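Going by the working numbering, the sequence shown opens with residue 25, and the numbers climb by one from there.
Each residue gets a CB set at the ideal place from its N, CA and C atoms; glycine is no exception.
Being a predicted model, the structure only gives us computed values, none of them experimental.
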Amino acid sequence: FHASRGALDLAEDVARFGADHPYTRLVPDMTGGIDPDDVFSKIPYEKGFYLLYYLE
Numbered sequence: 025f026h027a028s029r030g031a032l033d034l035a036e037d038v039a040r041f042g043a044d045h046p047y048t049r050l051v052p053d054m055t056g057g058i059d060p061d062d063v064f065s066k067i068p069y070e071k072g073f074y075l076l077y078y079l080e
């Protein structure tokens with residue numbers, strides 16, 4: 025159940041930022057004076073989960 029909810033959260037956050045936006049990367053680039061609070065989302069956590077799930 026948590027994995028399916030995470031997939032919905034991931035889709036919502038990607039839709040909010042845009043699929044090609046740098047904030048949707050597994051490891052967002054926060055160089056150049058970017059405020060970490062602006063970058064924070066569930067995207068890295070959910071992408072990391074699905075990467076580990078795939079590798080398992």
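How long is the line joining the alpha carbons of residue i and residue j, rounded to whole angstroms?
| i | j | result |
| --- | --- | --- |
| P46 | P52 | 6 Å |
| D61 | A35 | 20 Å |
Considering residue i, what are the terminal residues of the alpha helix (DSSP H) in which it resides?
| i | result |
| --- | --- |
| L50 | No alpha helix (DSSP H) contains L50, which DSSP labels as neither H nor E. |
| A31 | 26–41 |
| F73 | 67–79 |
| D61 | 60–63 |
With C-beta atoms as the reference, is residue i less than 8 Å away from residue j?
| i | j | result |
| --- | --- | --- |
| L50 | P68 | yes |
| D33 | K66 | yes |
| T48 | V38 | yes |
| G30 | F73 | yes |
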